[in-house]
Amino acid sequence: MKILISNDDGVHAPGIKILAEELRKIADVWVVAPLEERSTTGHTLTLDHPIRIIQLEKQVYGCSGYPADCSLMGFAHIMKDNPPDLVIGGINRGANLGQDVYYSGTVAVAREAAFHKIPSMAVSTVLDFQNFDEEDAHYHTAAKFVKKLVMKDVHKHIPEYHLLNINAPNLAEKDIAGHEVTTMGFRNYSEDIQKRQDFRGRDYFWIGGIYKGHCPWESSDGEAISAKKISVNPLNLLGRESDKKVDWHRILEEL
Numbered sequence: 006m007k008i009l010i011s012n013d014d015g016v017h018a019p020g021i022k023i024l025a026e027e028l029r030k031i032a033d034v035w036v037v038a039p040l041e042e043r044s045t046t047g048h049t050l051t052l053d054h055p056i057r058i059i060q061l062e063k064q065v066y067g068c069s070g071y072p073a074d075c076s077l078m079g080f081a082h083i084m085k086d087n088p089p090d091l092v093i094g095g096i097n098r099g100a101n102l103g104q105d106v107y108y109s110g111t112v113a114v115a116r117e118a119a120f121h122k123i124p125s126m127a128v129s130t131v132l133d134f135q136n137f138d139e140e141d142a143h144y145h146t147a148a149k150f151v152k153k154l155v156m157k158d159v160h161k162h163i164p165e166y167h168l169l170n171i172n173a174p175n176l177a178e179k180d181i182a183g184h185e186v187t188t189m190g191f192r193n194y195s196e197d198i199q200k201r202q203d204f205r206g207r208d209y210f211w212i213g214g215i216y217k218g219h220c221p222w223e224s225s226d227g228e229a230i231s232a233k234k235i236s237v238n239p240l241n242l243l244g245r246e247s248d249k250k251v252d253w254h255r256i257l258e259e260l
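Residue numbers (my numbering): 6 to 260.
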């Protein structure tokens, strides 16, 4: 089985390295990811200037573009003659819950593949990346869960124009309370805009905002994380009914 991995944290990020290492135990893994961090860039495609690719090691490439560029360059160019069976975005450093999926470059990796009818998923570890030590990140929890899904041939169950959005609590595997099929929730932010001045007295701005918690909607992705469960949220990208009826609850029960 051939798997293409990308992300928005960059090709050197620990999350993508841990995911690739875990999946290489069971699959032929290729990595095409940004050369620099491209977080919160959404589904940007580079159409106004060239994209450059650098091979860093065997089957690992750094790309000058955005996450969706990397996904497309991976399956449509680098792996064109032997396309991937599955495309994965992640493991992202931080949550991709609720409406954040629309901003996420990691989710865009999977969405670009889904638009080309390639089974895909996005994977994130839910942590506050502004207030943590990288050594405290439990990326292996998400990586091992994804490996279980791959070993169960999950890619064969994902309908066309759908993807799986997976979020794992930042906990050791032994502390996870299970996994749950969820719906998309909503996260509240303060949406602060900070006005500052540079040394010449000119105004500049930082768009930020502080996370204020999620809406307590039953079966939502945010509620699953609060319950220390891994959230598996099947996303229907076009809102159309699929001929393939998938019982995700049954599939997850078999893990």
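In this text, a Cβ means the ideal position worked out from N, Cα and C, and glycines have one as well.
It should be emphasised that the depicted structure is a prediction, and the values quoted were computed from it without experimental measurement.
Our contact map puts residue i next to residue j with C-beta atoms below 8 Å; I'd like the distance itself, whole angstroms only.
| i | j | result |
| --- | --- | --- |
| Leu61 | Leu168 | Actually they are not in contact, since the Cβ atoms of Leu61 and Leu168 sit about 26 Å apart, beyond 8 Å. |
| Ala73 | Gly95 | About 14 Å; that fails the 8 Å criterion. |
| Gln202 | Phe210 | Not a contact, Cβ separation roughly 11 Å. |
| Asp197 | Gly183 | Actually they are not in contact, since the Cβ atoms of Asp197 and Gly183 sit about 35 Å apart, beyond 8 Å. |
Does the Cβ-Cβ distance between residue i and residue j come in under 8 Å?
| i | j | result |
| --- | --- | --- |
| Ser225 | Thr188 | yes |
| Ile8 | Ala38 | no |
| Phe150 | Ile235 | yes |
| Asn260 | Lys152 | For the record, residue 260 in the displayed sequence is Leu; it is not Asn. No. |
| Leu40 | Gly79 | no |
| Thr45 | Tyr108 | yes |
| Leu257 | Ala148 | no |
| Glu193 | Val112 | The question names Glu, yet the displayed sequence has Asn at residue 193. Not closer than 8 Å, so no. |
| Val92 | Ala115 | yes |
| Val36 | Ile10 | yes |
| Leu102 | His143 | no |
| Asn172 | Ala100 | yes |
| Val237 | Glu178 | no |
| Tyr71 | Gly110 | yes |
| Ile181 | Pro124 | no |
| Ser119 | Leu242 | A quick correction: the sequence has Ala, not Ser, at residue 119. Contact flag set, yes. |
| His145 | Asp90 | no |
| Glu117 | Ser76 | yes |
| Gly20 | Asn87 | no |
| Phe191 | Gln64 | no |
| Val230 | Pro174 | In the sequence as displayed, the identity of residue 230 is Ile instead of Val. It is a contact, given that the beta carbons lie within the stated cut-off. |
Could you tell me which residues DSSP pairs with residue i in its beta bridges?
| i | result |
| --- | --- |
| Asp5 | A question about residue 5 goes unanswered here, because the residues of the chain that appear run from 6 up to 260. |
| Val65 | Val36, Glu62 |
| Arg98 | Thr130 |
| Leu24 | Beta-bridge pairing links Leu24 to no other residue. |
| Leu77 | Partner(s): none; Leu77 has no beta bridge. |
| Ile93 | Ile10, Met126 |
| Pro239 | Leu169 |
Under 7 Å: does the beta carbon of residue i sit that close to some heavy atom of the ligand NAP?
| i | result |
| --- | --- |
| Ile256 | Because no ligand of any kind appears in the structure shown, any question about the ligand NAP cannot be addressed here. |
Could you tell me which uninterrupted alpha helix (DSSP H) segments, each at least 4 residues in length, are contained entirely in the stretch 151-236, listed from first to last along the chain? 226-231
At least 3 beta-carbon pairs within less than 8 Å: the stretch 138-147 vs the stretch 209-225: A contact between stretches requires three or more CB pairs, one per stretch, nearer than 8 Å, and the stretch 138-147 fails this requirement with the stretch 209-225.
Using a Cβ distance threshold of 8 Å, determine whether the stretch 244-253 contacts the stretch 211-220, with at least three qualifying pairs required. no
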